[in-house]
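**Q** Below: one structure in structure tokens.
Numbering (our numbering), first residue to last: 2 to 611.
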């Protein structure tokens, strides 16, 4: 009996009740379409899926309902009426860690939302944790929020009871996995494990006891991530999990996720992170999911070889077709012998076409950023003289007697733990904050361009990118000229004239980069510029920075970008700014050694306490 495609989203809302039993299983009372965690804790998360009403998804479950693996075919996903996936296949196997790649706007995050909201058929025993938003502000401490797993423990115990009456390898595998998870959630071990995860993500013991309402959005996002890692769901969906982390936390998370034993689907712009975590790559290409084995480097190598062979085959076929068409045109009406040969070639040509010709290789669209010429400013450009800073008299010093200079040849990356003051230093340089002691002296002709993640708040979501840029730069009267300016940053055609609300986060970032560049700054202060950008756009940004004639101070958790553009690494730590003697890769190696040493010490302490 053929399987039935299940409509969901806006188009399928009316059929939701009747399909729940056939595709998702009896979810009420168990997972109930859990997206941000487990029953009982999902409400604490700000998971308002604003795009749900504009999203429609269909798919057919092909894997066994009791299997730990997941295979859904004929997946078609539309968003705002635009088809992002057409008759594609989503196949995810237990024990594998998938990196989801694709250009900004190709539908990566939309697909994760559809899976997280169970808008495609997913067996009820597969609990899902989709990390989308930070945990809500409340009086609960960070540690309490991570430990709120009673509902998940109850669900797993109930499922274990149900499975104990079944036989077969699928039931046995699931039962063993459930027992392993119940052991991890055991009350005797839970607090230690929760503390270990929070510590890895940068929380001190005092911070673990701090109420969530006293944390910034970035730190509350870390609490949500900690909950996901603590619960260890069967299907973990992470969309840019490193966006709110410093380099040390990124290295710790890489080490943690590389051991994930269930199903992990990860969207990340960091090639370094994808290499360290992933066993498979899923590439969004021409409205399909194309699967590759191995990490990011393996994917690049395999895809290059496949496209090279495809191009050779395509060229050979085109040469054969041209030769046969030429022969048919010349000799089709010649002598009987030549005419027969022409007819034979025509039949061969028709067979080739009927069998299907090799498609021409179409590479992902690439773009090139640029920062316009800014002109020269005589040194000294910017001097920091004996600067100390604290946010208030009752707060500890973040910097004490810091002294350095910047010029238009500077290419500096600031690194260090969260809270050490990297973003604070950028604010001091631009003049948004003022030193408690000392001076920040700037050349009077110096123009500074500062990029940070909150710049998107400047955008009017109801306006188009074109109209917003024209409003920001009224001296540019010609709409076509402005269209060309925006086009240089990867927004073309309808993307320029649709409401900014309909653009992806990455596309909105491109609007901000166009706005920033057109101010022609002499000095770029970039605070996490890679958040929401795809890998191709990050490479374009690196090329633009390397072609920029001004200076750069960069804060980023992307090791590869730092390696591409920075000539000096400065460590912000212990109220000081000091130059690292090696490159960023040696800094990462030092962080990794430190983390592994801490983990070994914790493991030894845990073993001694048994």
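Built from N, CA and C at the ideal position, the CB exists for glycine as well. Since we're looking at a predicted model, the values are computed, not measured.
Out of 243, 68, 314, state which residue places its alpha-carbon closest to the alpha-carbon of residue 168.
**A** 68
**Q** Give the secondary structure of residue 83 by DSSP, where H, G and I count as helix, E and B as strand, and everything else as coil.
**A** strand
**Q** Any idea what DSSP makes of residue 58, helix, strand or coil?
**A** strand
**Q** Using only the alpha-carbon positions, how far apart do residue 421 and residue 234 sit?
**A** Cα to Cα, the separation comes out at about 33 Å.
**Q** Residue 502 and residue 462 look like a contact to me (Cβ under 8 Å); what is the Cβ gap, rounded to whole Å?
**A** 4 Å
**Q** Could you tell me the distance, in whole angstroms, from the CA atom of residue 513 to the CA atom of residue 224?
**A** 29 Å
**Q** Starting from residue 439, follow the alpha helix (DSSP H) in both directions and report where the run begins and ends.
**A** Not the alpha helix (DSSP H): residue 439 falls in the beta strand (DSSP E), residues 438-443.
**Q** Taking the DSSP output, what are the residues bridged to residue 286?
**A** 289
**Q** Taking just the CA atoms, how far does residue 504 sit from residue 56?
**A** 14 Å
**Q** Please identify the residue among 469, 386, 470 whose C-alpha is closest to the C-alpha of residue 437.
**A** 386
**Q** Would you identify the three-state DSSP class for residue 577, choosing helix, strand or coil?
**A** strand
**Q** Could you please give the first and the last residue of the uninterrupted alpha helix (DSSP H) stretch that includes residue 309?
**A** 297-332
**Q** Per DSSP, which one or two residues make a beta bridge with residue 72?
**A** 92
**Q** Just how far apart, CA to CA, sit residue 217 and residue 281?
**A** 34 Å
**Q** What are the start and end residues of the beta strand (DSSP E) that includes residue 564?
**A** Segment 560-566 is the alpha helix (DSSP H) holding residue 564; no beta strand (DSSP E) there.
**Q** Apart from the five residues just before and just after residue 603, which ones in its own chain have a Cβ nearer than 7 Å to its Cβ?
**A** 197
**Q** Out of curiosity, what's the CA-to-CA distance linking residue 345 and residue 324?
**A** 13 Å
**Q** Hey, quick one: how far does the alpha helix (DSSP H) through residue 547 stretch, first residue to last?
**A** 536-548
**Q** Is the segment 475-492 in contact with the segment 447-457, if contact means three or more CB pairs nearer than 8 Å?
**A** No, they do not touch.
**Q** Answer with buried or exposed for residue 59, where buried requires no fewer than 16 other C-beta atoms within 10 angstroms of its C-beta.
**A** buried
**Q** For residue 228, count neighbouring C-beta atoms within 10 Å of its own C-beta (all shown protein chains included) and say buried if the count is 16 or more, exposed if not.
**A** buried
**Q** Look at the alpha carbon of residue 78 and the alpha carbon of residue 90, and state the distance between them as a whole number of angstroms.
**A** 11 Å
**Q** If I follow the unbroken alpha helix (DSSP H) through residue 1, where does it start and stop?
**A** No statement about residue 1 is possible, as the shown extent of the chain runs from 2 to 611 and does not include it.
**Q** So, at 7 Å on beta carbons, what are the nonlocal neighbours of residue 343 in its own chain, with the 5 sequence-adjacent residues on each side left out?
**A** 328, 329, 332, 333
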